[in-house]
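Peer 1: Numbered according to this note's numbering, the sequence shown spans residues 16 to 1073.
Backbone N, C-alpha and C define an ideal beta-carbon position, used for all residues, glycine too.
One structure coming up, written as C-alpha cells, with questions to follow.
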Amino acid sequence: MKSSSREGMATFRNSSYINDQILNENNLDNIKDTFRFLERGGNILQNTELAYLKFLPYISINHNSKTLPFLSRYSQFDRICGFAAIDQNNVKIGIKDNAYPKPPLTSAMEIDVGYVPLNNADAETMMRSILQDIHDLTKSAKLFYIKNQNTVEKYCDFLIQNQSYFQYLRRTDVALTPQYSMPIMLYKWDLGSLGINYEDFLRALLLLENGPSIIEFMVINNPPIFDKIVKILVKAHSNLPTRYKGRLKEALEKMINLAPHHANFMRMILTDLKILPELAFELTLDICKDIPLYCEGIFTRNTKWLTATVFKKEIIDAVHSRLMLALNNELEKPNMPPTNHRTRLCILIRLVCGFVSIFKKRIDPEEIKECFKVVHAAESDRLKKICLSFVLFFAELIADADRLRLFSLIVNPANTQLYLLFAYFFNTNKFDYIEKLCRKILTLDVMISAKVLRELQYSTRGLFQEKTLARSALEMDPSTTFSDLGLFKAPQDFAFKCFYVMLKGGVFHKGGVDIQQWMLKQIRHAQTPIHAQFVALLKAYIYSIFVDHGAYPNVIYPTPITKIPESEIFDMFTDCISNVTPSHILMCYYILTFNSVCMERRLINSSASDPKRSLYSYNLTELIPVRKILFITERSGGGNDYKNIYPELLGLISVNYPEIFDIESLLIDEDREIRNFNTNLEEIAEKLVLSASSGLDDPEESALAMKQLVTLPPEVLYEHSDTLIIFLLPKLLDRMNFEMLYSMSEIWLLLYSISPHEASLLFINGLRGEQDRRYRFPELQIMLDPSLVFRIDDRTFRCPPLYKIFLRVLKFYMVGSRQRLLRIYQESAHKDEMNQVNLPLTIMEQETLLLSTVMEICTSKPTDKGKEEILDQIRNASFRFLHQIFIENSDSLKNLHFWGYAKELVPLTTSRIESMHTCMHWVHELINNEDAEKQMFGLCLAGHLCEVWPMSTTFTIAKNFMLPAIKRKIMNPLSKILSPEATEVLPILVKIHNIFEHLRADVVELLRELEEKLMSRNRYETTYGYRRRSREIISQCLRDINEKPRSDSMLKVREIRP
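Put into C-alpha cells, the structure is as follows:
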C-alpha cells in the first residue's frame, strides 16, 4: 500500500509538473518575453527556461537540434525536426497546379477537394496536402485581389459556405496541427517554382476565418521580420471589403499582443496609410499612452479616414477625457520655460477644436469656460490666433457678452494683423475667408457659423473706427504682416488689397491720415515681380490726392493725402543710370501717372492749380533715365517682372518722351546685350579715356584707345561722358581725324542708347559755336526752340560722322519739342492768351524752318570746291533724314516745298528721296499758287517728278496743270516777247515732250504758236534785240525736240541801238 501510495504521489507530482509546464508555455507574458528574446537574436543555450513551445519551427530552421538537448522536453520537437529533414522536392512533385477556385465563382464548380486524413499519414504526405492548400489559397487570392472588392467579398462568402476548401489550413487540433510545418515550408523551402511565396500567402490568409490565428503563428516563428509582416498585411486593406477588414484588424491585434513594443511602428503605418483608425486609437490609449501628441499629428485638414469610421463610444470618451485632463494639468502645472507652456496650450486648444469637429462630440459648458483661461492668458501671436479660432468655433455655445469680450481681447489695434483682417472681412462680408482663416490656423476643416459671424459683425462696429484703422494700416508691412496666414499666395496679395479697399472706402479721408510716406516706403522697398495689386493701389493713391471723399448724407471729407515731394525723389534719380532698380521704375511710373492725372484734373476744375497738386517739374522729369527704364521693364525676367505696369508705362513714356523711340538705337542696345564684358571695367575705361584724351598728339595711340572704348558697356562709358563729349569731341573736330571721329560716333550712340537726353545735350554743348562758348544750353531751352541746335560749330555740317549724329539729335529735339510745347500750352495759367495761339500751326512752322535749314546745309558753297565727295555724303545723310521725317508725317513734305528751297537741290531730292513721289498728290496746288516764285518752284518740282516717275499720275499733272501754267508764264502779253521766266520754263516743256509721247503734239503746237507770235509781220521791223533773242530760244527748243524752226532769214531787221 505504501509502495502504491508513493507511486501514486509520484504520478500526481509528474502530472502536476506537466500541467504547470503547459500553463507556463501558453502564458502570454512568457510568450512575449520569448518573442522579444528571439527577435533580438538571443542565445537559446543561455536562457533555456523560456517558453519555446510555439517557437519550435523557428528554432528548428535556424539551429541544430543536437546542440539543444533541453528541447527534448517538448514532445512535438522530434516531429518538427522530421518535417525539417524532409526533401522538399519530393513534396513539391505531387502539387497540382490548376485545382484552385478562380473568378467568376459559380455554384457548380467542380474542383477536387478530396480530404486525406492526416492521423495515419506519413510526414511527406501530410506536408504535401498542406502545401497543396497553401498553393491553392495563394494562387486563388492573387486572382481575386486584382478584381474589385465586391468580387473579393463574394469569394469570402463562398469560402464560409464551402468549408470543404482548404481543410488542412482550417484544422484546429493541436497534436497534428499543420501550423508546425508551414513555417518550414514558407520560410525555409524555395517555393518559387510553384509561383508562391510567404508574402502572398500571408495576405491570402485574410480570406479565411482562422487566417489571423495562422498569421499569428507565422509571426511567432519569424520574430525578426515582424515589421515587414505588418507592411505586407496592410497592403491588403484596399483589397478587402468592409465586412472583412476586421480580419486584418484581428491579425494585427494578435501580432501586437505578441510584441507590444512594436505598437509605435504599427500605429505609424496605419496613420500613414490612413486605415484602421480605431485600432490606432486603441494602441494609443492602451500602449503608447500619448493621446495629445498623437492627435496633434492626425488632426489635420484631411481627416476623412477618421470621420468615415464609426468609433466605439468608450474610445471617444477616453480620448475626450485624456485631452481635457491634459489641458487642466497644463493650466495648473505649466511647463517651463514659458515658451513650452504656450506651445503646449496651442496644441491642446487646437486639439479640443479638432476633437469636436471630427467626432461631433459636444463638450460641457464648464469645459468651455475652462478654456477661457487660455484666452485670457494668451500672449504669443500663435496662441492668440488659436484662441480666436476657438471662440469663433464654439461661438454658439458662448454667451453674447462673453463672445464679444473674448473677441475684443484678441482682435484689437495692438494686433495689427488680426485687426486689419477682420476689419476687411467684416466690411466686405467675406465670411468665407474667416472660415478659411480658422481652418488655416487650426489646420482643420472646421465649420464656422455664418449667423454667428453676422452677429459679431454687428456687435463689433464700434471696434473698427476709421482713424484707428488708418493708423493701424500705416503700421502694416506688406511683406511680413500677413505672411504666416497661408490664405494667400503671397502676403502682399492681401496687404495691398486691404490698403486699396480702405483707400477707396474713404478710411484715410475720414481718419484724416496722409499715406504719402507709407507709399514712398513701398516704392523704395519694391521688389520684382511688381505686384498687380500694388499698381492698382498706386493709381488709387494718385487719384485720392485730387479727389475728396463723399459720404451719406452729403458729407464731404477733404483729402488729407499729398503727393510725394520732389525733394524726396531727386536723390533717387541722381546718377542712377548704371543701377536702375524696381524703385526707380515704380517712381517713374508714379511721376508720369501723376502728371497725366494732374493735366486731366486741370481740364475739369482749377483746384488742380494748388501747388500741393502741381505737376512735377521739368528738372525732375528730364532727370529720369526713361530709355534705360523702358529696356529693363521690357526684358527683366523674360518680361514677367514688370508685366503689370509695362503696357501703361510704355504708353506714358511714349506720350511724355516720344523722342526716345529711335529704331537704330534700340537695335544697338539689343546687340550690346549679347556681348561678354571683362571684369574691372571701371579701371579699364578710366585708362582708355585718359589715353584717348592725352594722346591726341599721337593719333595711332589715341585711335586705338577710342576703338577699345567702343567695346565697353555704355553704363561704364556714361561715367566718363563729360570727358569724352565735352572735352574730347571738339579737339577731334579740330584735327578732322575721321577714323577717331567715327569711333567717337559709335561711343556717342552707345551713350544715346541708355540716356538719349543726356547724350543729345552733351553733343550740342560740346560742339556749340564760338558765340555760345561761355554758355551751356539747358535741355528745356532746346526743346522749346530746336533751332538752337544749328548754332553748333559750322564744321560739323561738313563732317559726315558728326553730321549723322547731328541729324539724330535734331530729330530728337524736334519730336520732343512737340510734347513740351503742348504741355506748356495745357498748363499755362493764361489760357486766354494761349488760346489765341494756333499751336499746331506754330509747331508746323517751326519744324518747316528746321527742315529748310537742313536743305540749306545741302546747298553747295565756294568752300565745297574740291570736296564734292564730302558734300555728297552730307546730302545723302540729309536726304535719308528727310525721308524718315516725310514717312512719319507727310504734311512735313508739303510744308517744306511750299516753304521752298534751292532749285539746284530739286533734281537730287526727287531722285534720292523715295518718299518724294507723294508730292504728286498736291504739286498742282504749288503750280497754281498765287505766288509767282512758288509757281516756278512747283513747275521745276513737277518737271523732275515727271522725269523720275513717268506714269499716269504725272501725265495728268503735265497735261492739266503744267502745260497751261507754262503757256501762261512763257510769253509776256504786253511786249510780245518771252517772259523772264521762259528760260527756266521752256526746258521743262522740252522734258514733257521727251517723257510723254501723247503730249508731244501739244508741246510742238505750243512752240509753233510761240514761234508764230515772234515772227515779224512786216518786211522791216525795228527792235532792241529782245524779240530776236526770244526767237532764238524758241528755235533752240524746237531743235531740242527734233523739229525744224521756220526760216526767217529773208527778213531784214533794223536794230536801234541805245
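Straight-line CA distance for Ile606 to Thr543?
Peer 2: Numbered from 1 along the sequence shown, position 591 holds the residue referred to as residue 606. Numbered from 1 along the sequence shown, position 528 holds the residue referred to as residue 543. Their backbone Cα atoms lie some 19 Å apart in a straight line.
Peer 1: Pairing CB atoms from the segment 922-942 with CB atoms from the segment 896-908, are three or more of them under 8 Å?
Peer 2: Yes, they touch.
Peer 1: Who are the Cβ neighbours of Thr324 in its own chain at under 7 Å, not counting the five residues just before and after it?
Peer 2: Here residue 324 corresponds to residue number 309 of the sequence shown, with the count starting at 1. Taken in chain order, the residues that qualify are Pro292, Glu293.
Peer 1: Is the distance from the Cβ of Arg628 to the Cβ of Ile560 below 8 Å?
Peer 2: For the purposes of this step, residue 628 is taken as the residue at position 613 of the sequence shown. For the purposes of this step, residue 560 is taken as the residue at position 545 of the sequence shown. The answer is yes: Cβ separation under 8 Å.
Peer 1: Determine the closest residue to Thr608 out of Pro352, Phe805, Val670, with distance taken between C-alpha atoms.
Peer 2: Against the sequence shown, residue 608 aligns to sequence position 593. Taking only the C-alpha atoms, the option nearest Thr608 is Val670.
Peer 1: Helix or strand or just coil, what does DSSP make of Tyr916?
Peer 2: Translated into the one-based positions of the sequence shown, residue 916 becomes position 901. Note: Tyr916 maps to coil in three-state DSSP.
Peer 1: Within a Cβ cutoff of 8 Å, which residues of the same chain sit near Arg1054, ignoring the five residues on either side of it in sequence?
Peer 2: Translated into positions along the sequence shown, residue 1054 becomes position 1039. Counting only Cβ-Cβ distances below 8 Å, and skipping sequence neighbours, we find Pro1060.
Peer 1: Would a C-beta distance cut-off of 8 Å place Tyr661 and Glu649 closer than the cut-off?
Peer 2: In the sequence shown, the residue the question calls residue 661 occupies position 646. In the sequence shown, the residue the question calls residue 649 occupies position 634. Yes. Within cutoff.
Peer 1: So what does DSSP say about His540, is it helix, strand or coil?
Peer 2: As a position in the sequence shown, residue 540 is number 525, starting the count at 1. The answer is coil: DSSP assigns His540 none of H, G, I, E or B.
Peer 1: When the Cα atoms are used, what is the spatial distance from Thr286 to His277?
Peer 2: Numbered from its first residue, the sequence shown carries residue 286 at position 271. Numbered from its first residue, the sequence shown carries residue 277 at position 262. Rounded to whole angstroms, Thr286 to His277 spans 14 Å at the Cα level.
Peer 1: Let me know the secondary structure DSSP gives Ile900 once reduced to three states.
Peer 2: Translated into the one-based positions of the sequence shown, residue 900 becomes position 885. In the structure shown, Ile900 sits in a helix (DSSP, three-state: H, G or I).
Peer 1: Which first and last residues belong to the alpha helix (DSSP H) in which Ile240 is found?
Peer 2: In the sequence shown, counting from the first residue as 1, residue 240 sits at position 225. Unbroken run through Ile240: none, as it is neither H nor E.
Peer 1: Who are the Cβ neighbours of Lys169 in its own chain at under 8 Å, not counting the five residues just before and after it?
Peer 2: On the sequence shown, residue 169 is found 154 positions in, with the first residue counted as 1. Once the five neighbours on either side are set aside, the close Cβ partners of Lys169 are Leu120.
Peer 1: Are the segment 910-928 and the segment 952-970 touching by the rule of at least three beta carbon pairs closer than 8 Å?
Peer 2: They touch, by the three-pair rule.
Peer 1: Which partner residues does Tyr572 have in the DSSP bridge list?
Peer 2: Sequence index remark: in the sequence shown, residue 572 carries index 557 (1-based). Note: Tyr572 sits in a beta bridge opposite His564.
Peer 1: Can Met829 and Glu862 be called in contact, C-beta distance under 8 Å?
Peer 2: Here residue 829 refers to the residue found at position 814 of the sequence shown. Here residue 862 refers to the residue found at position 847 of the sequence shown. In this structure, Glu862 lies closer than 8 Å to Met829 by Cβ.
Peer 1: I'd like to check one pair, Cys171 with Leu217: are the Cβ atoms closer than 8 Å?
Peer 2: Against the sequence shown, residue 217 aligns to sequence position 202. Against the sequence shown, residue 171 aligns to sequence position 156. No. Outside cutoff.
Peer 1: Out of Glu697, Met141, Leu360, His356, which one is the CA nearest neighbour of Met339?
Peer 2: Working through the sequence shown from its first residue, we reach residue 339 at position 324. Among Glu697, Met141, Leu360, His356, the Cα nearest to that of Met339 belongs to Leu360.
Peer 1: Compute the distance between the beta-carbons of Asn610 and Tyr631, then report whether it is under 8 Å.
Peer 2: Within the sequence shown, numbered from 1, the residue matching residue 610 stands at position 595. Within the sequence shown, numbered from 1, the residue matching residue 631 stands at position 616. Yes, they are a contact pair.
Peer 1: Just mark Ser768 as buried or exposed, buried being the case when its beta carbon has 16 or more other beta carbons within 10 Å.
Peer 2: Working through the sequence shown from its first residue, we reach residue 768 at position 753. Per the 10 Å Cβ criterion, buried.
Peer 1: Could you give the DSSP three-state label for Ile306: helix, strand or coil?
Peer 2: Here residue 306 corresponds to residue number 291 of the sequence shown, with the count starting at 1. Residue state, collapsed to three classes: helix.
Peer 1: CB Ile779 to CB Val824, shorter than 8 Å?
Peer 2: For this step, residue 779 is matched to residue 764 along the sequence shown. For this step, residue 824 is matched to residue 809 along the sequence shown. Yes, the Cβ-Cβ distance between Ile779 and Val824 is below 8 Å.
Peer 1: If Leu363 and Glu345 are in contact, beta carbons under 8 Å, what's the gap, nearest whole angstrom?
Peer 2: Along the sequence shown, read from residue 1 onward, the residue named residue 363 stands at position 348. Along the sequence shown, read from residue 1 onward, the residue named residue 345 stands at position 330. About 6 Å separates the two Cβ atoms, so the contact holds.
Peer 1: In whole angstroms, give me the CA-to-CA distance for Phe805 and Ser758.
Peer 2: Reading the sequence shown from its first residue, position 790 is the one you call residue 805. Reading the sequence shown from its first residue, position 743 is the one you call residue 758. Their Cα atoms are separated by approximately 23 Å.
Peer 1: Does the segment 962-981 touch the segment 996-1009, meaning 3 or more C-beta pairs lie closer than 8 Å?
Peer 2: Yes, since at least three Cβ pairs between the segment 996-1009 and the segment 962-981 fall closer than 8 Å, the two stretches touch.
Peer 1: Counting Cβ pairs closer than 8 Å, one from the segment 584-600 and one from the segment 521-534, do we hit at least three?
Peer 2: Touching, no.
Peer 1: With DSSP run on the structure shown, which of helix, strand or coil describes Ile2?
Peer 2: This structure leaves residue 2 out entirely; the chain is present only between 16 and 1073.
Peer 1: Exposed or buried, which one is Lys328 when buried takes at least 16 other CB atoms within 10 Å?
Peer 2: For the purposes of this step, residue 328 is taken as residue 313 along the sequence shown, with counting starting at 1. Per the 10 Å Cβ criterion, exposed.
Peer 1: Please list, in chain order, all residues of the same chain as Asn1009 whose beta carbon is under 8 Å from its beta carbon, the five residues on each side excluded.
Peer 2: In the sequence shown, residue 1009 corresponds to position 994, counting from 1. Correct list, in chain order: Ile1056.
Peer 1: Please confirm whether Leu727 and Leu696 have their CB atoms less than 8 Å apart.
Peer 2: Looking up residue 727 in the sequence shown gives position 712. Looking up residue 696 in the sequence shown gives position 681. Yes, the Cβ-Cβ distance between Leu727 and Leu696 is below 8 Å.
Peer 1: Grab the span of the alpha helix (DSSP H) containing His959 for me, first residue to last.
Peer 2: As a working note, residue 959 is residue 944 in the sequence shown. That run of the alpha helix (DSSP H) goes 947-963.
Peer 1: Below 8 Å, can you find three or more Cβ-Cβ pairs linking the segment 510-523 to the segment 478-489?
Peer 2: With a cut-off of 8 Å, the segment 478-489 and the segment 510-523 count as touching, because enough Cβ pairs lie within range.
Peer 1: Measuring straight from C-alpha to C-alpha, what distance separates Ser1045 and Gly958?
Peer 2: On the sequence shown, position 1030 is the one that residue 1045 refers to. On the sequence shown, position 943 is the one that residue 958 refers to. Roughly 22 Å separates the two Cα atoms.
Peer 1: Please state whether DSSP places Met281 in a helix, a strand or coil.
Peer 2: The count along the sequence shown starts at 1 and reaches residue 281 at position 266. Correct three-state label for Met281: helix.
Peer 1: Please report the distance separating the alpha-carbon of Lys880 from that of Glu583.
Peer 2: For this step, residue 880 is matched to residue 865 along the sequence shown. For this step, residue 583 is matched to residue 568 along the sequence shown. Going from the Cα of Lys880 to the Cα of Glu583 covers about 58 Å.
Peer 1: From this set, Ile639, Ser336, Asp137, which residue's C-alpha is nearest Arg377's C-alpha?
Peer 2: Here residue 377 corresponds to residue number 362 of the sequence shown, with the count starting at 1. Taking only the C-alpha atoms, the option nearest Arg377 is Ser336.
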